[in-house]
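**Student:** Quick one: this structure, given as structure tokens, is what I'll be asking you about.
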Amino acid sequence: MDPIDDLDMLLFKSNFTKTQLRLWYQFLKQVFPDRLLTREQFHVIFSQVFPKAVTFAYADYMFNSFDGTLNKDMIQISKVISSVSMLGSADIRDKLKWVFRLYDIHKNNKISFSELWMVIRAVYELNGFDLSDEKNKLLTFAHAKHVFQLFLSIFTAAAVPLPPHPAVGVMQVLILDFRSFLQVPNNLRGCC
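Per my numbering, the sequence shown runs over residues -8 to 183.
See the structure below:
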């Protein structure tokens, strides 16, 4: 794709102004001349932002959320720009779509409790939190349990009142998998 066409497409899809988009694009093109970002490059960037991180789990979840696929080792810079734009968007539906893609680790259009817990543990690990300690594991479990309840209410509320429209079809699948909440490991059930 021609860079100009790429910019026009991004301008249409993103919430950036033409000037903002041009600045982003020029910066990223200098850093990534082939307009591709590898998982390893993303890890390097992430390690500079989060030097205390003990794993790259959150970086991987985020990388996968850029285009919604699993186990891809390279993505187009335009996908990163679109995601950043979505996060800065004023439209709550766009933000919810991105959050959903982040937490839907298995990319099956569901967010299970275990997926949510995995992302929350990864956030703690970003800050150097030691999760080998059982007490810390229970803390992250309690946090995940609380966030899961919030997700149920937020995504359910967001999905119900929307009019049927092809552009918001994704929102109609933003219902969490309730059965997975019942699949909490026995040793942690009811602990928090």
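Cβ coordinates follow ideal geometry from the N, Cα and C atoms, glycine included.
Give every residue of the same chain whose Cβ lies closer than 6 Å to the Cβ of Thr46, excluding the five residues on either side of it in the sequence, and list them in chain order.
**Tutor:** So the list reads Glu116, once near-sequence residues are dropped.
**Student:** Does the beta-carbon of Asn118 have 16 or more other beta-carbons within 10 angstroms, so that it is buried, or is it exposed?
**Tutor:** With fewer than 16 Cβ atoms within 10 Å of its Cβ, Asn118 is classed as exposed.
**Student:** How would you write the range of the alpha helix (DSSP H) that Leu87 sits in, first residue to last?
**Tutor:** Per DSSP, Leu87 belongs to the alpha helix (DSSP H) from Ile83 to Tyr94.
**Student:** Could you pull the start and end residues of the alpha helix (DSSP H) that Thr10 belongs to?
**Tutor:** That run of the alpha helix (DSSP H) goes Lys9 to Val22.
**Student:** What does the Cβ neighbour count give for Phe33, buried or exposed, with the cut at 16 atoms within 10 Å?
**Tutor:** Looking at its Cβ environment, which holds 16 or more other Cβ atoms inside 10 Å, Phe33 is buried.
**Student:** Three-state secondary structure (DSSP) at Thr29?
**Tutor:** Thr29: strand per DSSP, three-state reduction.
**Student:** Leaving out the 5 sequence neighbours to the left and right, which residues in its chain are closer than 6 Å to Asp85 when beta-carbon positions are compared?
**Tutor:** Same-chain partners within the cutoff: Met77.
**Student:** Locate the alpha helix (DSSP H) running through Ile111, then write down its first and last residues.
**Tutor:** Segment Phe104 to Leu117, the alpha helix (DSSP H) holding Ile111.
**Student:** Quick check: the region 63 to 71 against the region 126 to 138, are there 3 or more CB pairs under 8 Å?
**Tutor:** Not touching, per the Cβ criterion.
**Student:** Nearest chain C C-beta to Gly79 closer than 8 Å, yes or no?
**Tutor:** Of the protein chains in this structure there is only one, and it is not chain C.
**Student:** By DSSP, does Met53 sit in helix, in strand, or in coil?
**Tutor:** It is helical.
**Student:** Provide the residue span of the alpha helix (DSSP H) that contains Val75, from first to last.
**Tutor:** It spans Ile68 to Gly79 - the alpha helix (DSSP H) in which Val75 sits, taken as one unbroken run.
**Student:** Within 10 angstroms of its Cβ, does Lys70 collect 16 or more other Cβ (buried), or is it exposed?
**Tutor:** By the 10 Å Cβ count, Lys70 comes out buried.
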